[in-house]
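Heads up: the sequence shown begins at 233 in the numbering used here, then just goes up one per residue. Glycine included, C-beta positions come from ideal geometry on N, C-alpha and C. This report refers to the structure that appears directly beneath it.
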Amino acid sequence: MTMARYAVFGHPVQHSLSPRIHAAFARQQGIAMAYEAIDATPDEFAAALAAFAAGGGRGANITLPHKQAAFALCAGASERARRAGAANTLVRRDGEWHGDNTDGSGLVRDLADRHALDLRARRTLLIGAGGAARGVAPALVDAGIGDLYIINRTPERADALADALGQPGRVHTRYWSDLGNLGGFDLIVNATAAGREQSTMPLPNTIVGPRALAVDLSYGEAAIPFLAWARSAGCAQAIDGLGMLVEQAAESFALWHGVRPDTAPIYAELSGRAVALATGD
Ligand code: ATR
233 MTMARYAVFG
243 HPVQHSLSPR
253 IHAAFARQQG
263 IAMAYEAIDA
273 TPDEFAAALA
283 AFAAGGGRGA
293 NITLPHKQAA
303 FALCAGASER
313 ARRAGAANTL
323 VRRDGEWHGD
333 NTDGSGLVRD
343 LADRHALDLR
353 ARRTLLIGAG
363 GAARGVAPAL
373 VDAGIGDLYI
383 INRTPERADA
393 LADALGQPGR
403 VHTRYWSDLG
413 NLGGFDLIVN
423 ATAAGREQST
433 MPLPNTIVGP
443 RALAVDLSYG
453 EAAIPFLAWA
463 RSAGCAQAID
473 GLGMLVEQAA
483 ESFALWHGVR
493 PDTAPIYAEL
503 SGRAVALATG
513 D
């Protein structure tokens, strides 16, 4: 019998921690599976995914920049994937791909469970409106945050995300140039690619509320500039995306194997060396 095949698709993908995380989960749960990293450019992605399915692929994680393309290739999708318009987890069922998105619940689980933070009623600023922002925004709203302000370098994308969330009384968009007039926030989420692309992103200190929590969805080197800004600007806590990565992986694992692994051991192992890593997924 051939071993069940799983993979993470991305570009680049060689620094992805997902193979290591899933191997640790499989060992812990006594499940035999193969999990590899597959590099595919946007042009190659659809063919690479089809070849993987033909070769016995049963499930896939999708990372940058393919989450929206993956969603478009799915025959069916969960409600949270539809709300995000992006899929980070694919399950092969009856010869078709079904898409899900575990990023948002992974983030909320990391903040609420691992870090024991109460998200309810937090006045929240979401910076960015790309695939990463779309993945987490619905879960943040569902977790009971207070008003959500979305800013994005390209304002139209922020408006599109706010429309997709469908809560006009609670979700607002603002121009980047208005940031200095918005007052302080209790939760500031960086969902931009600025840190990964090593481009600068100017933020005024006035957005930091008295007990502000700053979260970068990236980890490793990509998260350093924003988290350094957050600490120097007076945020009470600054958290990178490593815990979210581990939690979204655990939820993907549960979708494939029907059992949720314990994330504490692998998180402890990875957080010791996370700062040396260059890319996020
Ligand atoms: P991802 O899947 O990581 O979200 P994406 O869909 O390409 O990738 O989105 C990248 C996000 O980072 C966008 O919100 C982008 O802003 P634009 O929509 O205006 O492109 C944002 N971004 C990237 N570099 C940035 C920078 N230097 N300053 C501010 N925002 C930046």
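(request) Look at the alpha carbon of Ile456 and the alpha carbon of Ala462, and state the distance between them as a whole number of angstroms. (result) Going by the C-alpha atoms only, they are around 10 angstroms apart.
(request) Within the stretch 452-492, note down every full alpha helix (DSSP H) run reaching 4 residues or more, in order along the chain. (result) Counting only runs of 4 or more, we get 456-464, 474-489.
(request) Reducing DSSP to helix, strand and coil, say where Tyr381 ends up. (result) DSSP, read as helix, strand or coil, puts Tyr381 in strand.
(message) As a quick exercise: from Gly291, Asp275, Arg259, pick the residue whose alpha carbon is nearest that of Ala269.
(response) Looking at Gly291, Asp275, Arg259, the one whose alpha-carbon comes closest to that of Ala269 is Gly291.
(request) Would you list the residues sitting across from Leu393 in a DSSP beta bridge? (result) When beta bridges are read from the DSSP output, Leu393 appears opposite no residue.
(message) Within 8 angstroms, do at least three Cβ pairs link the stretch 275-290 to the stretch 244-259?
(response) Output reads no: the stretch 275-290 does not touch the stretch 244-259.
(request) Check whether the Cβ of Ala423 lies closer than 7 angstroms to any heavy atom of the ligand ATR, and answer yes or no. (result) Checking the Cβ of Ala423 against the ligand ATR gives yes.
(message) For Ile420, report the span of its beta strand (DSSP E) as first-last.
(response) Unbroken beta strand (DSSP E) run through Ile420: 417-422.
(message) Does Gly504 come out as helix, strand or coil in the three-state DSSP assignment?
(response) For Gly504, the secondary structure class from DSSP, reduced to helix, strand or coil, is coil.
(request) Pull up the CB-CB distance for Ala286 and Gly331, whole angstroms please, since I reckon it's below 8 angstroms. (result) With a Cβ gap of about 19 angstroms, Ala286 and Gly331 do not count as contacting.
(request) Take Ser310 and list the residues in its own chain whose beta-carbon comes closer than 6 angstroms to its own, dropping the five residues that flank it on each side. (result) If we look at Ser310 and ignore the five residues flanking it on each side, its Cβ neighbours are Asp332.
(request) Look at Val323 and Leu487 and say whether their C-beta atoms are less than 8 angstroms apart. (result) Against a cut-off of 8 angstroms, the Cβ pair of Leu487 and Val323 comes out as a contact.
(request) Identify which residue in Ala361, Ala460, Gly262, Asp335 has its Cα closest to the Cα of Gly473. (result) It is Asp335.
(request) Just the C-alpha distance for Cys467 and Arg237, rounded to the nearest angstrom, thanks. (result) Between Cys467 and Arg237, the C-alpha separation is close to 43 angstroms.
(message) Using C-beta distances below 7 angstroms, list every residue in its chain close to Glu479, excluding the 5 sequence neighbours before and after it, in chain order.
(response) The answer, listed in chain order, is Gly338, Arg341, Asp342, Thr495.
(request) Count the other CB atoms, across all protein chains shown, that sit within 10 Å of the CB of Val507; report buried if there are 16 or more and exposed otherwise. (result) In this prediction, Val507 scores a pLDDT of 42, lower than 50, which makes its location untrustworthy; the coordinate-derived value is nonetheless stated afterwards. Label assigned to Val507: exposed.
(request) Please indicate yes or no: does the CB of Gly360 lie closer than 7 angstroms to some heavy atom of the ligand ATR? (result) Result yes, Cβ under 7 angstroms from the ligand ATR.
(message) Quick check on Thr438: does DSSP put it in helix, strand or coil?
(response) Here Thr438 sits in helix by DSSP.
(request) Determine the direct distance from the alpha carbon of Arg312 to that of Asn422, and round the result to whole angstroms. (result) If I take the Cα positions, the gap works out to 20 angstroms.
(message) Please return the same chain residues whose Cβ sits closer than 7 angstroms to the Cβ of Asp363, not counting the five positions on each side in sequence.
(response) In the sequence on display, residue 363 carries Gly and not Asp. Hits under 7 angstroms: Lys299, Gln300, Ala318.
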